[in-house]
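Chemist: Residues 4 to 178 in this note's numbering are what the sequence shown spells out, letter by letter.
Glycine included, each C-beta is placed from N, C-alpha and C at the ideal position.
Following this message is one structure expressed as structure tokens.
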Amino acid sequence: FIVLYLLCTSLALIAQRRWPLFIGLWVATIGNQATVTLLKSFFGRERSVLGYFTETSHSFPSGHAAASVAIWGMLFYVAWRSRVLSATRGALGGVTLAFLIGASRSILVEHYLSDVMNGYFVGAMWLVIGIAVSEWWRHTHVAPSSTLTRSRLTLSYGGLAVAAIGTVVLMAILT
């Protein structure tokens, strides 16, 4: 689901020419994934044998927990910056989703608590970097009079609606 949301949000941001948000989103996404991959290969911690699923990757840090903070956090930040959500709802949504994803990794015994906590730390680091890059880019590269046309707004919000409907259909098929 996260790839679908990333792609649809990216297309919407490109259509709106919201380059600072697009760049910040992908800095956080790529940086987070690279960091998690490097740390997993460096530490090489084996997963618990009690895990619900058979996982082949290493345990430390939790990639799901890291992505829940970095990527979902950036998606909620984009929604706030795009005036789709208020700051309070965006922050509450991001924190709630990150907590639930991290909790599920521990409850299913796919990760130790330290894996999840380190994943949160890595994700938070890349969330802050992604927001900083986005804000820096916005303040240094965007003309203050940039406006969006009605057709670009319709196209981008249409893409987000298609993504939401596709997610619901996919969830219905999988369950």
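For the segment 96-103 against the segment 17-29, do three or more pairs of beta-carbon atoms, one drawn from each stretch, fall closer than 8 Å, so that the two count as touching?
Modeler: In short, these stretches do not touch, since the Cβ pair count stays below three.
Chemist: If the criterion is Cβ atoms closer than 8 Å, does the pair P64 and V39 meet it?
Modeler: Yes; because the gap between Cβ atoms is below 8 Å, this pair is in contact.
Chemist: Just confirm the distance between the C-beta atoms of A31 and L130, as a whole number of angstroms; I'd bet it's less than 8 Å.
Modeler: Contact flag correct, Cβ pair sits at about 6 Å.
Chemist: Our contact map puts V72 next to A101 with C-beta atoms below 8 Å; I'd like the distance itself, whole angstroms only.
Modeler: Confirmed, Cβ separation roughly 5 Å.
Chemist: Taking all protein chains shown into account, decide if A106 is buried (16 or more other Cβ within 10 angstroms of its Cβ) or exposed.
Modeler: With fewer than 16 other Cβ atoms within 10 Å, it is exposed.
Chemist: Under the three-state reduction of DSSP, which class applies to S85: helix, strand or coil?
Modeler: Three-state DSSP puts S85 in coil, outside helix and strand.
Chemist: What's the C-alpha gap between A68 and F46?
Modeler: A68 and F46: Cα-Cα distance of roughly 17 Å.
Chemist: Here's a check: name, in chain order, each residue in its chain whose Cβ is nearer than 6 Å to the Cβ of G122, leaving out the five neighbours to either side.
Modeler: Excluding sequence neighbours, G122 sits near P64, S65, A68, A69.
Chemist: Between the C-alpha atoms of V87 and Q19, what's the straight-line distance to the nearest angstrom?
Modeler: Rounded to the nearest angstrom, the two C-alpha atoms are 14 Å apart.
Chemist: Helix, strand or coil, according to DSSP, for P64 in the structure here?
Modeler: Coil.
Chemist: In chain order, what residues of the same chain have a beta carbon less than 6 Å from the beta carbon of L156, not counting five sequence neighbours either side?
Modeler: Confidence at L156 is low in this model, with a pLDDT of 49, below 50, so its placement is unreliable and no value can be given for it.
Chemist: Would you mind working out which of I134, V112, A135, L78 sits nearest C11, comparing C-alpha positions?
Modeler: For C11, the nearest C-alpha among the options comes from L78.
Chemist: Of the choices Q36, V136, H114, whose alpha-carbon is the least far from that of Y80?
Modeler: With distances taken between Cα atoms, Y80 lies closest to V136.
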